[in-house]
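Under our numbering, residues 694 to 1097 are what the sequence shown spells out, in order. What follows is one structure encoded as structure tokens, with my remarks underneath.
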Amino acid sequence: MATPAQHQSMQMAGNTQFPPVHMMTREGLQTLIMRSNTLKQAGFTPQNNTELASITQYLGLFKRYQMARNAQAQQAQAQLAAPTPKSAIEIPATNGHTAPSPPPSPPTPITFTPSQLHTLRSQISAWKYLQRGIAIPLDIQQAIQPQPSADESDQLTAPPGQLLENDTSSLIYPYNAYTHPTTRLATAKNLRAIVPSMTPLGLDPLALKAARERFVEARIAQRIRELSALPSTIGEPEPEVDEVQEPEDDKEGALVVHPSASAHGKLRALIELKGLQLRARQQALRRSVVAHLHETTVMTADRSTCRRFRRSALRDVRQTEALERQQRKERERRAKQKHLDYLGMIVAHGREIVATNQNARTRMGKLGRAVLQFHVAAEKEEQKRIERISKERLKALKADDEGK
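Structure representation (structure tokens):
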């Protein structure tokens, strides 16, 4: 009988051309390991490479198969090497001598791997740091808790026996019992009667809805029976009376009665019973409201179906034509007036430009005449000054001659 690992390996062999795990040779296993290392060195991962993912899964199945075989071999050896029963050892012999006990087996020496020795040395160093009250370095902290390899993690996480998803008696088997359709292509023709489904069996939402409705109906029926079975003579406590303080301006205040939360329990039960019994009418009313809402929505969307069209007469046609002519003339008048306003704006702008240039030329002419007048006046002043200096010099010369 094939184990679950052999069954999965057969399925994988149908998909990726791998032999079953019980038929794998040492050379084939070494080839798969070398191929896996080559793909990992090339930068591929099981997530982005289907070949590497299938090889990794196949190696995991092979390792679990080897572990199962080793466990079976160890169990068989333990059964063969079982000690003699105690009753047989303690029964005395016919000659009065007891049976000799077997010699004790020598103790098995404990050996450590290099990684275990490194971890032990790191733990000793960390203990020394803690004794001195010094913080443990980061490298020693990482060495104290080494990360397990992928093979070790698979070995730890792999179940010891049959997998739960392969157990036909488990609750999750129908949802994980997916078999690829191409798995049975390599089998014989007389074994192809069972065609696997493309998808596993799922949950039926209609069945879930029906089950929920049955549950609700059962709860309602049970509640109706409970309320109907209540005695009609159930006691009702007296209502609590709370006095309300009278306002200062109202001297004729009255007492206000506030029933407690526990009061009128029979009345509340009767109201609940009547409401549950009217559930069918409530559902019918809700369906009617929903149907009328749908009709109202349709009428709002298509208003033309409810509109009354007026028949046109000859008088209406003439009035319509007169209104159209009036509107057309008004549009033409507005268009002409708009065009005239636009032309008037252009003409006014041109006049403003001409006036601005004329003013500028006038200002420049006035400025030029003022400059010329200034130069003429300056020349006259200079001429008068020169004449005055000449006259003064002549007077001075005459006065000098007369003095001599």
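We treat Cβ as the ideally placed atom computed from N, Cα and C, and that holds for glycine.
| query | result |
| --- | --- |
| Flag this pair as touching only if the segment 719 to 728 and the segment 746 to 753 have three or more C-beta atom pairs under 8 angstroms; answer yes or no. | yes |
| Can you grab the Cα-Cα spacing for the pair Arg980 / Arg972, in whole Å? | 12 angstroms |
| Would a C-beta distance cut-off of 8 angstroms place Ala828 and His811 closer than the cut-off? | no |
| Less than 8 angstroms separating the beta-carbons of Leu960 and Leu920? | no |
| With Phe805 as the anchor, note down where its alpha helix (DSSP H) starts and where it stops. | Run containing Phe805: none; DSSP gives neither H nor E here. |
| Does the beta-carbon distance from Ala962 to Leu923 come in below 8 angstroms? | yes |
| With a threshold of 16 other CB atoms inside 10 Å of the CB of Ala761, please say whether the residue is buried or exposed. | buried |
| Excluding the five sequence neighbours on either side, which residues of its own chain have a C-beta within less than 6 angstroms of the C-beta of Ala786, listed in chain order? | Here the model assigns Ala786 a pLDDT of 40, short of 50, so the residue's position is not dependable and the matter cannot be decided. |
| Taking only three categories from DSSP, how would you classify Ser921? | helix |
| For Arg1004, name the three-state secondary structure that DSSP assigns. | coil |
| How about Thr1049: is its Cβ closer than 7 angstroms to a heavy atom in the ligand ADP? | With respect to the ligand ADP, the structure offers nothing, as it holds no ligand at all. |
| Where does Leu754 land, buried or exposed, given buried means 16+ other C-beta within 10 angstroms? | buried |
| Over the uninterrupted alpha helix (DSSP H) stretch that includes Ile964, give me the two end residues. | Gly958 to Gln970 |
| Taking the alpha carbon of Thr718 as the reference point, which residue from Leu752, Ala1053 and Thr743 has its own alpha carbon closest? | Leu752 |
| According to the Cβ coordinates, are Asn741 and Leu732 closer than 8 angstroms? | no |
| Determine the burial state of Arg1103: buried for a count of at least 16 other Cβ atoms within 10 Å of its Cβ, exposed for fewer. | Coverage of the chain is limited to positions 694 through 1097, which leaves residue 1103 absent and any answer about it impossible. |
| On a Cα-Cα basis, can you pick out the residue from Glu1045, Ile833 and Ser808 that is closest to Ser818? | Ile833 |
| To the nearest angstrom, report how far apart Asn1050 and Ile1039 are at their CA atoms. | 17 angstroms |
| Confirm, please, whether the CB-CB distance from Pro712 to Gly721 is below 8 angstroms. | yes |
| For the alpha helix (DSSP H) that contains Thr731, what are its first and last residues? | Arg719 to Gln734 |
| Reducing DSSP to helix, strand and coil, say where His1042 ends up. | helix |
| Mark Ser1103 as exposed unless 16 or more other C-beta atoms lie within 10 angstroms of its C-beta, in which case mark it buried. | Any answer about residue 1103 is impossible in this case: the structure gives the chain only from 694 up to 1097. |
| Just to confirm before moving on: does the CB-CB distance between Leu978 and Arg916 stay below 8 angstroms? | no |
| Under a three-way DSSP split, which group does Ile829 fall into? | coil |
| Contact criterion: CB-CB distance below 8 angstroms. Does Gln915 meet it with respect to chain D? | Going by chain labels, chain D is absent from the structure shown, which holds only one protein chain. |
| Between Glu1023 and Leu1036, what straight-line distance do the alpha-carbon atoms span, to the nearest angstrom? | 20 angstroms |
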